[in-house]
Amino acid sequence: MPSVRTMVVAGVSGALGAVLLVVLVLGRGEQRALLTLDQLQAEGGVVWFSQHAYERPAFEQEAERPARTVIESWTVWESGQRTAVYVASRDLDGTTLHRAQMVDGAVEPFPEPVDPRIEWPAQRGSDVGSGDVSCDAGHELVPGERSGSAMCVGPYPQPSSERVPNAFFPAWPVDLDVASVQREVRFNPNGGVSSVIHRATLEDGSVTDIASLRFRMTYLTLAEWDEIRETVFGDVAGAG
Numbered sequence: 003m004p005s006v007r008t009m010v011v012a013g014v015s016g017a018l019g020a021v022l023l024v025v026l027v028l029g030r031g032e033q034r035a036l037l038t039l040d041q042l043q044a045e046g047g048v049v050w051f052s053q054h055a056y057e058r059p060a061f062e063q064e065a066e067r068p069a070r071t072v073i074e075s076w077t078v079w080e081s082g083q084r085t086a087v088y089v090a091s092r093d094l095d096g097t098t099l100h101r102a103q104m105v106d107g108a109v110e111p112f113p114e115p116v117d118p119r120i121e122w123p124a125q126r127g128s129d130v131g132s133g134d135v136s137c138d139a140g141h142e143l144v145p146g147e148r149s150g151s152a153m154c155v156g157p158y159p160q161p162s163s164e165r166v167p168n169a170f171f172p173a174w175p176v177d178l179d180v181a182s183v184q185r186e187v188r189f190n191p192n193g194g195v196s197s198v199i200h201r202a203t204l205e206d207g208s209v210t211d212i213a214s215l216r217f218r219m220t221y222l223t224l225a226e227w228d229e230i231r232e233t234v235f236g237d238v239a240g241a242g
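This is how it looks when you write it as structure tokens:
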């Protein structure tokens, strides 16, 4: 499913290409403008990508990592500076799990935060989408519940044991009698992926979610990013 992978990669790496993106340019009233990637880089701005993930442990006893996590990435374009991507993850209690910065493809982990519990910034603004809605072979494109939205629905086969499971490619739970698993990919009206949900139908006919990802991508000004950077990464000398 190219559109799903493009969305995920774009949010993490900032590789949005030269597509035209509809953004609300803050500081210009309520005017909406079409910006290319070159314009965004020239004027300066930040792409904020959020991923709320749930992954049911494949084994009932597996509890080494939280089942629900939030991963945030901020791709920063600033005139005369190299493009940098800041990434931070947390559990639902707000405890920081990991922080890193990526510049020119090189990942630099940040040290453990002085205080892992912070008041995480709330994401505001309208979702931004990119790419055309398309489905994998064997998946059906159907209208979503909301006007203008759509979703792809189809079977999710049991993955190879050689693949490391994650919320996008979850393992079938071995402690459940799974008959089949369905993948549901939802798109927002702007063409961006809003969620990916894996639902297992059990032998007794009951249905349970085994994994889900919910995405949101918005834009920030550099001034707004400065406040977020101070909150999430401010205890690191020289961050940014």
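Using the working numbering, the letters of the sequence shown correspond one by one to residues 3 to 242. Using N, Cα and C, we set each Cβ at its ideal position, and we do this for glycine too.
Exposed unless 16 or more other CB atoms sit within 10 angstroms - verdict on residue i
| i | result |
| --- | --- |
| R188 | buried |
| R231 | buried |
| E74 | buried |
| W227 | buried |
| G47 | buried |
| V116 | exposed |
| V144 | exposed |
| A225 | exposed |
| V183 | buried |
| E229 | exposed |
| V49 | buried |
| P111 | exposed |
| V198 | buried |
| V166 | exposed |
| S196 | buried |
Proximity to residue i [Cα-Cα], best of the options
| i | options | result |
| --- | --- | --- |
| T233 | Y158, P157, R101, G207 | R101 |
| G193 | S151, G82, S75 | S151 |
| W79 | E229, L222, F235, G236 | L222 |
| C137 | Y158, M219, F112, V166 | Y158 |
| D95 | S197, A86, V105, W122 | W122 |
| P1 | S163, S91, E142, T220 | The requested residue 1 is not part of the displayed model; the chain covers only 3 to 242. |
| Y82 | T203, A202, A44, V198 | According to the sequence shown, residue 82 is Gly rather than Tyr. Among T203, A202, A44, V198, the Cα nearest to that of G82 is on A44. |
| F171 | G146, R201, M104 | R201 |
| G190 | G146, G207, R165, P167 | Rather than Gly, the amino acid found at residue 190 in this sequence is Asn. Here the closest residue by C-alpha is G146. |
| T203 | P175, S196, M219 | P175 |
| M153 | E114, F51, H141 | H141 |
Pair within 8 Å by beta-carbon distance, residue i and residue j
| i | j | result |
| --- | --- | --- |
| F235 | Q53 | no |
| A169 | P161 | no |
| Y88 | S214 | no |
| V209 | E186 | no |
| E205 | D179 | yes |
| R119 | T97 | yes |
| I212 | R70 | no |
| Q1 | T220 | An answer regarding residue 1 cannot be provided, because it is not within the stretch 3 to 242 covered by the chain. |
| L99 | D106 | no |
Per DSSP, cross-strand counterpart(s) of residue i
| i | result |
| --- | --- |
| I73 | Q53, S91 |
| L143 | C154 |
| P78 | Here residue 78 turns out to be Val, not Pro, going by the sequence shown. Paired residue(s): V48, A86. |
| P111 | A102 |
| S182 | T203 |
| D188 | Residue identity differs from the one stated: residue 188 is Arg in this sequence, not Asp. Answer by DSSP bridge pairing, in chain order: M153, S197. |
| R119 | T97 |
Closer than 8 Å to chain C by CB, residue i
| i | result |
| --- | --- |
| Q125 | Absent here is chain C; the protein component of the structure consists of one chain. |
beta-carbon residue i near the ligand NAD non-hydrogen atom, thresh 7 Å
| i | result |
| --- | --- |
| V234 | Of the ligands one can find in the structure shown there are none, so the ligand NAD has no counterpart to examine. |
Which ranges does the beta strand (DSSP E) cover as unbroken runs of at least 3 residues, wholly within the stretch 197–234, from first to last along the chain? You should have 209–222.
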